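Using our numbering, read the sequence shown as starting at 34 and increasing by one per residue.
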Amino acid sequence: QAQFVESGGGLVQAGGSLRLSCAGPGSYFRTKAVAWYRQVPGKEGELVARISREGGIVYADSVQGRFTISRDNAKSTAYLEMINLKIEDTAVYYCNYPFAKVSWGRGTQVTVSS
């Protein structure tokens with residue numbers, strides 16, 4: 034099944050930074066919007082950031098000014114640069130096509146400690 038493959042997560046102290054990557058399935062990556070989501074056990078998943086095929090970007094209010102989404106169509110890869118991380122950013126982070134979802138990948142765990 035077509036899935037994104039996320040990587041780059043880890044354990045970081047509050048105020049630190051991480052760069053996440055996700056490799057997208059299919060040769061149609063460049064034709065689709067891509068989004069990062071995050072999930073905390075027991076809570077609903079949250080859209081973190083979305084980038085359109087033309088490069089238009091939307092962020093959740095909670096990450097505005099701290100996270101930067103980008104994409105490299107030649108590599109079929111999307112990125113999420115995260116700075117000034119907060120404890121509440123702790124979650125499993127996933128990628129998907131927001132308007133044409135494929136099966137969810139394993140995600141990458143981000144843990145922010147105090």
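Backbone N, C-alpha and C fix where the C-beta goes; we use that ideal spot for every residue, glycine too. None of these values were measured; they are calculated from a predicted model.
Its chain contains A66, V67, A68, L80, R83 as the residues whose beta carbon lies nearer than 8 Å to that of P131, once the 5 sequence neighbours on both sides are disregarded; these appear in chain order. In this chain, the beta strand (DSSP E) harbouring D105 covers 100-105. Residue state for T144 is assigned as strand, using DSSP reduced to three classes.
In the DSSP assignment, R52 falls within the beta strand (DSSP E) that extends over 51-56.
Per the Cβ contact rule, the region 138-145 is in contact with the region 112-128 (3 or more Cβ pairs under 8 Å). Just so you know, the alpha carbons of R104 and G89 end up roughly 11 Å apart.
In the structure shown, the three-state DSSP call for R83 is strand. Taking S54 as reference, the option from I116, N129, A133, T110 with the minimal CA-CA separation is T110.
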